[in-house]
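Numbering (this note's numbering), first residue to last: 1 to 103.
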Amino acid sequence: MRPLHQGLGRTWTFCHRAIKGLSLSLLISASAGIAQSSLLESVKRNPAEARAMCQSFKAMNSNGQSALSPEAINQLASQRNLSTNNAEILATYVIGLHCSDVR
């Protein structure tokens with residue numbers, strides 16, 4: 001193979017791998033977005049659950065603890081079998097929509 005053809009072959013291989021990697025990244029991002037959406041939908045459909053979470057957050061506040069402290073997020077994550085990232089997203093969402101007086 002001539003040098004020019006070798007260079008084109010390498011470029012094509014690189015582009016093909018880059019496209020595969022990008023496709024995989026987009027698929028993973030979409031899956032994470034769908035999971036977070038269903039997480040938030042469960043609280044949207046069940047306002048009583050959100051109110052109960054607000055009461056729990058208010059109790060933490062009355063004890064001088066932030067509802068978004070690492071300890072509170074870890075507790076929520078373990079109670080609901082969530083990652084700490086998803087627990088923090090859920091807590092922030094519930095506080096923002098249902099109990100904005102919680103800190």
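Where a beta carbon is used, it is the ideal one built from N, C-alpha and C, also for glycine. Because the structure is a prediction, the values reported are computed rather than measured.
Point to revise | For V94, the first and last residue of its enclosing alpha helix (DSSP H) | key: Counting from 1 along the sequence shown, the entry for residue 94 is found at position 94. Taken as a continuous stretch (DSSP letters only), the alpha helix (DSSP H) holding V94 covers T84 to H98.
Check your understanding: In whole angstroms, what is the alpha-carbon distance linking A67 and L82?
Key -> As a first step, residue 67 is located in the sequence shown; it is residue number 67 there, counting from the start. As a first step, residue 82 is located in the sequence shown; it is residue number 82 there, counting from the start. Across the structure, A67 and L82 are spaced so that their CA atoms are roughly 16 Å apart.
Review point. In angstroms, rounded to a whole number, what distance separates the CA positions of C99 and R45?
Key: The count along the sequence shown starts at 1 and reaches residue 99 at position 99. The count along the sequence shown starts at 1 and reaches residue 45 at position 45. Answer to the nearest angstrom: the Cα atoms are 16 Å apart.
Exercise for review: Could you tell me the distance, in whole angstroms, from the CA atom of N86 to the CA atom of S69?
Suggested key: Taking the sequence shown and counting its residues from 1, one reaches residue 86 at position 86. Taking the sequence shown and counting its residues from 1, one reaches residue 69 at position 69. Approximately 14 Å between the Cα atoms of the pair.
Check your understanding: Roughly how many angstroms separate the alpha carbons of Y93 and N74, rounded to a whole number?
Key -> Translated into the one-based positions of the sequence shown, residue 93 becomes position 93. Translated into the one-based positions of the sequence shown, residue 74 becomes position 74. Answer to the nearest angstrom: the Cα atoms are 16 Å apart.
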